[in-house]
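Enquirer: Input: one structure, supplied below.
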Amino acid sequence: MKRTVSIIIITALIWMGCENRTTSPGVTDTEILVGNIQDLSGPIKELGLLIPAGTNMYLDYINAQGGVHGRQVKMVVEDHGYNPQKAVVAAKKLVEKDQVFCLYNVIGTSPAEAIRPILEESGVPLVAPGTNSSSMSDMSKQAAKYIFHTDAGYDLQTRVLIEYILENNPDAKIGLAYQDDDYGANALKGCAEAEAKHGVTVQKESFQRGATDFVGQTMNFMKGGCTDVIIGGIVREPVTIMKTAQAIGYSAAFYGLGPTVDPRVGLLAGEAGEGFIAVYWAYYPYSDEPGPVLYQELCEKNNVPAKMRGLYHYYGFATAHVLVEGLRKAGKYPTRERMMKGLETLHNWDSGVFPPMTFSRNDHAGVESVILLQLQGGKQVAITDWRN
Amino acid sequence: MIKGRYDDENLKWIPVLILAVYLLPFMIKGATFSYKYYLYVLNIAGIYMILTVGLDLLSGFTGLMSLGHAAFLAIGAYTSAILVDQAGLPFELSLIITPIIVGLFGFVIGFPALRIEGMYLGLTTMGFGFIVKRLIIAFRDWTGGSAGLQVSKATLFGFTVSNDWNNYFMIYTFAIIAIIVARRIVKSKLGRAFMAIRDSEQAAQASGINIAKYKMLSFFISGMFAGFAGVLFAHTSNFISTDHFDILLSIYFIVMVLVGGVGSIYGAVLGTLFIVLMENMFIPLFKDSLTQYVHLEAGDFQVFIFGLIMLLFIIFQPLGLYGMWLKMRIYWKLFPFNPRKRFT
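Next comes the structure, spelled out in structure tokens:
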């Protein structure tokens, strides 16, 4: 009897002592493995090069300082070619075969949506999915508790822009050019909110993803007498629309959603792009905040070519902060559960790259405010404070 | 010309092969910890197999080219998703209804096939693929537009097929049935009519074959196979989106049939397995070491390899993998009395 009791007590003690030392797959004594799925062969493959490069720059910086709790953070990148089906295969491979600790920055809305069942099944968290769609932080959707979204949604961006326009000119006639897909649908959602709130009607014109000709849409805005036009595109769309407007002698103020912050818009649009206002949801890469300053320093140190620097390279660098913070919060013996719980404790966390960020059990939307940047003399200048 | 060689088959190996198919997951599970990933890849291969067998009936046996099979797969997947998740139909019923609906789409596409052939038919079916993609986006209330659609898991006779393991057995049971059905079709009057049309339309007509009927029927049957694959695809990947069903996928299916061997059911099966395994397992294995010598971006690598494989097959092995196997078999049967010319 004594023997049995002592065995039980010893076992219990060992078990209690060991309990906190268990770690999830992907963690060894020296390394934490993180999985990333990018578009390396599809329509946005240039981003697939830039974003992981930015992430690796920050991870190298962290690893050089001794890593996270003494472990080096290593990232594997898989390709999905902007195909949700391939994203599923890639996620299965990362989770089952490579045994990553967590997923990070799966780019594109539909690929990120497609891997929800895998997150649910395997319990692997996804940090900073690479999409501005607010559906990522919709807590009623499948596997929502595993997804930690950083970017401010397109709906919020659209609403803020409309409100900004109406503030400056209550009689403004607003136009919205939206992409005929999930990106556009999310922008329309924000537009509908603003319409209901302020009692205005926005003239909406759609275009297809990858379209190169915007004469019809621009003419329609001109016919409709729009004084302010919001462009829900990436780079080509705002440039083409502004140049078309200039060519046909239509003068309106132009605005763009998150992806149009890319410095190439200013470079390509030239004179036609002067005064273009875009929304952004992180400290701009060239501002004086600590994050951007570190970014510039690291770029100089690593001899990053000038053409690589900018929005997307910086995006990888910025979202890596959230990943590393999550790994830190997971503790010395990280498990996926602890990482998720840790991220949910972030309250007004100042990362230096994003405005103060809050996650909680019921709220996985990271940045919920945006800043407006205007092209002035070819340079982007912040013209407002953080708005939401 | 191919028929004679393909007819020579040994049926006693078939049950052994089927048994091996069912034992394979146990072997994989025993061999590796990450068996779920391999099973998932095999599941996708199984689904595509059903489709390529149907495509082979159309392209290989009837001689009609289709660049629209990704669209047939898409229609199948979306129809089943809508029927099961939105209309509340049981999965078993969808398995029957959806292939018929997709078959009817095939029937419609069959109309132009009566007048045009070859490259022009390829272009027509390709156009059909684009139209379907736009239509799926347009009917966003049901299909979720280009944002994609979440699909429930399959429930077969009260049993939820919840993971890759169960899925494997479901998919391969259906794949085996599809292969058997396709073999029966090929051996029947229907199959002979298809082959007659492929070899010479005039001769077929002179022999009393109703070309219009059989061409449409070929499209209908091929569509049914694709629809069947679509149902399984939707409920296996649990998420469908128009981004997946593009022209490239249609071309992949043709590559699968080509590599396997045009005009043989087993060829389509082998080709599908070869391409899917190549894409997901072997290319990643060699990618890192090969990119040291050939400077290619990671994404282009796969396209490069597939292009190369297709070229090599068309030039050196026009009969495909199955033809290769048959040649090998005959070679060893006749050894050492091989007429050299026949096997080079």
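Chain order of the listed sequences is A and B.
Heads up, the first sequence is in the working numbering, so the first residue is -10 and it goes up one at a time.
Heads up, the second sequence is in the working numbering, so the first residue is 888 and it goes up one at a time.
Each residue gets a CB set at the ideal place from its N, CA and C atoms; glycine is no exception.
Note that this is a predicted model, so its numbers are computed, not measured.
Determine which residues share a DSSP beta bridge with residue 349 of chain A and list them.
Expert: As a working note, residue 349 of chain A is residue 360 in the first sequence. Answer is A/352, bridged to residue 349 of chain A.
Enquirer: Of the residues A/100, A/242, A/183 and A/143, which one's Cα is nearest the Cα of residue 218 of chain A?
Expert: Numbered from its first residue, the first sequence carries residue 218 of chain A at position 229. Checked all of A/100, A/242, A/183 and A/143; the closest Cα to residue 218 of chain A is A/242.
Enquirer: Strictly below 7 Å CB to CB, what residues from chain B border residue 72 of chain A?
Expert: Sequence index remark: in the first sequence, residue 72 of chain A carries index 83 (1-based). Going along chain B in sequence order, the residues near residue 72 of chain A (Cβ under 7 Å) are 1130 and 1131.
Enquirer: Suppose the cutoff is 7 Å on Cβ atoms and the five residues either side in sequence are ignored; what does the same chain contact list for residue 233 of chain A look like?
Expert: As a working mapping, residue 233 of chain A is identified with position 244 in the first sequence. So the list reads 203, 204 and 207, once near-sequence residues are dropped.
Enquirer: For residue 91 of chain A, name the three-state secondary structure that DSSP assigns.
Expert: Translated into positions along the first sequence, residue 91 of chain A becomes position 102. Here residue 91 of chain A sits in strand by DSSP.
Enquirer: Can you round the beta-carbon distance between residue 1190 of chain B and residue 1121 of chain B to whole angstroms, since I take them to be within the 8 Å contact cut?
Expert: Translated into the one-based positions of the second sequence, residue 1190 of chain B becomes position 303. Translated into the one-based positions of the second sequence, residue 1121 of chain B becomes position 234. Not a contact, Cβ separation roughly 27 Å.
Enquirer: Name the chain A residues whose beta carbon is nearer than 7 Å to that of residue 1035 of chain B?
Expert: Here residue 1035 of chain B refers to the residue found at position 148 of the second sequence. Within 7 Å Cβ-Cβ: 73, 99, 102 and 103.
Enquirer: Classify residue 269 of chain A as buried or exposed, calling it buried when 16 or more other Cβ atoms lie within 10 Å of its own Cβ.
Expert: Position 280 of the first sequence holds residue 269 of chain A. Looking at its Cβ environment, which holds 16 or more other Cβ atoms inside 10 Å, residue 269 of chain A is buried.
Enquirer: What are the start and end residues of the beta strand (DSSP E) that includes residue 21 of chain A?
Expert: Taking the first sequence and counting its residues from 1, the one referred to as residue 21 of chain A is at position 32. From DSSP, the beta strand (DSSP E) with residue 21 of chain A extends over 20 to 27.
Enquirer: Alpha carbon to alpha carbon, how far is residue 168 of chain A from residue 215 of chain A? Give it in angstroms, no decimals.
Expert: Counting from 1 along the first sequence, the entry for residue 215 of chain A is found at position 226. Counting from 1 along the first sequence, the entry for residue 168 of chain A is found at position 179. About 19 Å.
Enquirer: Mind checking which residues open and close the alpha helix (DSSP H) that includes residue 981 of chain B?
Expert: For the purposes of this step, residue 981 of chain B is taken as residue 94 along the second sequence, with counting starting at 1. First-last of the alpha helix (DSSP H) with residue 981 of chain B: 978 to 1000.
Enquirer: Is the CB-CB distance between residue 361 of chain A and residue 373 of chain A below 8 Å?
Expert: The count along the first sequence starts at 1 and reaches residue 361 of chain A at position 372. The count along the first sequence starts at 1 and reaches residue 373 of chain A at position 384. Closer than 8 Å, so yes.
Enquirer: Can you tell me which of A/43, A/53 and A/163 puts its alpha carbon nearest to the alpha carbon of residue 180 of chain A?
Expert: Position 191 of the first sequence, counting from 1, holds the residue named residue 180 of chain A. For residue 180 of chain A, the nearest C-alpha among the options comes from A/163.
Enquirer: Scan the segment 1198 to 1219 of chain B for residues whose Cβ lies nearer than 8 Å to a Cβ of chain A and list them as they occur along the chain.
Expert: Against chain A - using a Cβ distance shorter than 8 Å - the segment 1198 to 1219 of chain B contributes no residues.
Enquirer: If you follow the beta strand (DSSP E) that residue 301 of chain A is part of, which residue opens it and which one closes it?
Expert: Within the first sequence, numbered from 1, the residue matching residue 301 of chain A stands at position 312. No beta strand (DSSP E) contains residue 301 of chain A, which is instead part of the alpha helix (DSSP H) from 300 to 318.
Enquirer: Applying the 10 Å Cβ sphere with the 16-neighbour rule, what's the burial state of residue 60 of chain A?
Expert: On the first sequence, position 71 is the one that residue 60 of chain A refers to. Buried, since its Cβ has 16 or more Cβ neighbours within 10 Å.
Enquirer: Less than 8 Å between the C-beta atoms of residue 970 of chain B and residue 1013 of chain B, yes or no?
Expert: Mapped onto the second sequence, residue 970 of chain B falls at position 83. Mapped onto the second sequence, residue 1013 of chain B falls at position 126. No. Outside cutoff.
Enquirer: Less than 8 Å between the beta carbons of residue 149 of chain A and residue 376 of chain A, yes or no?
Expert: Here residue 149 of chain A refers to the residue found at position 160 of the first sequence. Here residue 376 of chain A refers to the residue found at position 387 of the first sequence. Cβ atoms of residue 149 of chain A and residue 376 of chain A: closer than 8 Å.
Enquirer: Contact defined as beta carbons within less than 8 Å: I believe residue 56 of chain A pairs with residue 65 of chain A. What is the distance between those atoms, to the nearest angstrom?
Expert: Counting from 1 along the first sequence, the entry for residue 56 of chain A is found at position 67. Counting from 1 along the first sequence, the entry for residue 65 of chain A is found at position 76. So it is not a contact: roughly 16 Å between Cβ atoms.
Enquirer: Can you find a C-beta in chain B that's less than 8 Å from the C-beta of residue 169 of chain A?
Expert: Walking along the first sequence from the start, residue 169 of chain A turns up at place 180. For residue 169 of chain A, the answer is yes, since a Cβ of chain B falls inside 8 Å of its Cβ.
Enquirer: Given 8 Å as the limit, is there contact between the segment 921 to 932 of chain B and the segment 1101 to 1116 of chain B, that is, 3 or more CB pairs closer than that?
Expert: Judged by Cβ distances under 8 Å, the segment 921 to 932 of chain B makes no contact with the segment 1101 to 1116 of chain B, as fewer than three pairs qualify.
Enquirer: How many angstroms separate the CA atom of residue 58 of chain A from the CA atom of residue 87 of chain A?
Expert: Within the first sequence, numbered from 1, the residue matching residue 58 of chain A stands at position 69. Within the first sequence, numbered from 1, the residue matching residue 87 of chain A stands at position 98. Cα to Cα, residue 58 of chain A sits roughly 22 Å from residue 87 of chain A.
Enquirer: Which residue from A/91, A/94, A/93 and A/100 puts its Cα closest to that of residue 78 of chain A?
Expert: As a working mapping, residue 78 of chain A is identified with position 89 in the first sequence. Residue A/100 is the option with its Cα nearest to residue 78 of chain A.
Enquirer: Report yes if the CB atom of residue 1019 of chain B is closer than 8 Å to the CB atom of residue 984 of chain B, and no otherwise.
Expert: Residue mapping note: residue 1019 of chain B aligns to position 132 of the second sequence, counting from 1. Residue mapping note: residue 984 of chain B aligns to position 97 of the second sequence, counting from 1. Result no, Cβ atoms of residue 1019 of chain B and residue 984 of chain B do not sit closer than 8 Å.
Enquirer: Roughly how many whole angstroms lie between the Cα atoms of residue 324 of chain A and residue 104 of chain A?
Expert: As a working note, residue 324 of chain A is residue 335 in the first sequence. As a working note, residue 104 of chain A is residue 115 in the first sequence. Going by the C-alpha atoms only, they are around 20 Å apart.
Enquirer: In whole angstroms, what separates the C-alpha of residue 257 of chain A from that of residue 228 of chain A?
Expert: If you number the first sequence from 1, residue 257 of chain A lands on position 268. If you number the first sequence from 1, residue 228 of chain A lands on position 239. Their backbone Cα atoms lie some 7 Å apart in a straight line.
Enquirer: What's the gap between the Cα of residue 1029 of chain B and the Cα of residue 91 of chain A?
Expert: As a first step, residue 1029 of chain B must be located in the second sequence, where it is residue number 142. As a first step, residue 91 of chain A must be located in the first sequence, where it is residue number 102. Going by the C-alpha atoms only, they are around 33 Å apart.
Enquirer: On the DSSP bridge assignment, give the partners of residue 195 of chain A in chain order.
Expert: Residue 195 of chain A sits at position 206 when you count from the first residue of the first sequence. BP columns for residue 195 of chain A point to A/167.
Enquirer: Return helix, strand or coil for residue 373 of chain A, following the three-state DSSP convention.
Expert: As a first step, residue 373 of chain A is located in the first sequence; it is residue number 384 there, counting from the start. Three-state DSSP puts residue 373 of chain A in coil, outside helix and strand.
Enquirer: Ordered along the chain, which non-local residues of its own chain (more than five positions away) have a Cβ less than 8 Å from that of residue 42 of chain A?
Expert: In the first sequence, counting from the first residue as 1, residue 42 of chain A sits at position 53. Same-chain partners within the cutoff: 293, 297, 302 and 305.
Enquirer: Just the chain B side, please: which residues come within less than 7 Å of residue 146 of chain A by C-beta, in chain order?
Expert: The residue labelled residue 146 of chain A in the question sits at position 157 within the first sequence. The contacting residues do not exist; residue 146 of chain A stays about 17 Å from chain B at best.
Enquirer: Return yes when the Cβ of residue 948 of chain B is within less than 8 Å of the Cβ of residue 993 of chain B, no when it is not.
Expert: The residue you call residue 993 of chain B lines up with position 106 of the second sequence. The residue you call residue 948 of chain B lines up with position 61 of the second sequence. Going by C-beta atoms, residue 993 of chain B is not nearer than 8 Å to residue 948 of chain B.
Enquirer: Throw me the rounded Cβ distance for the residue 1111 of chain B and residue 987 of chain B pair, which I believe falls under 8 Å.
Expert: On the second sequence, position 224 is the one that residue 1111 of chain B refers to. On the second sequence, position 100 is the one that residue 987 of chain B refers to. Indeed they touch by this definition, with Cβ atoms about 7 Å apart.
Enquirer: Can you name, in chain order, every residue of its own chain whose Cβ lies under 7 Å from the Cβ of residue 13 of chain A, other than the five neighbours on each side?
Expert: Numbered from 1 along the first sequence, position 24 holds the residue referred to as residue 13 of chain A. Cβ neighbours of residue 13 of chain A beyond the five flanking positions: 90, 323, 324 and 325.
Enquirer: So residue 310 of chain A and residue 136 of chain A are supposed to be a Cβ contact under 8 Å. How far apart are they, rounded?
Expert: For the purposes of this step, residue 310 of chain A is taken as residue 321 along the first sequence, with counting starting at 1. For the purposes of this step, residue 136 of chain A is taken as residue 147 along the first sequence, with counting starting at 1. The Cβ separation is near 17 Å, so there is no contact.
Enquirer: Using a Cβ distance threshold of 8 Å, determine whether the segment 1058 to 1066 of chain B contacts the segment 935 to 942 of chain B, with at least three qualifying pairs required.
Expert: Enough Cβ pairs lie closer than 8 Å, so yes.
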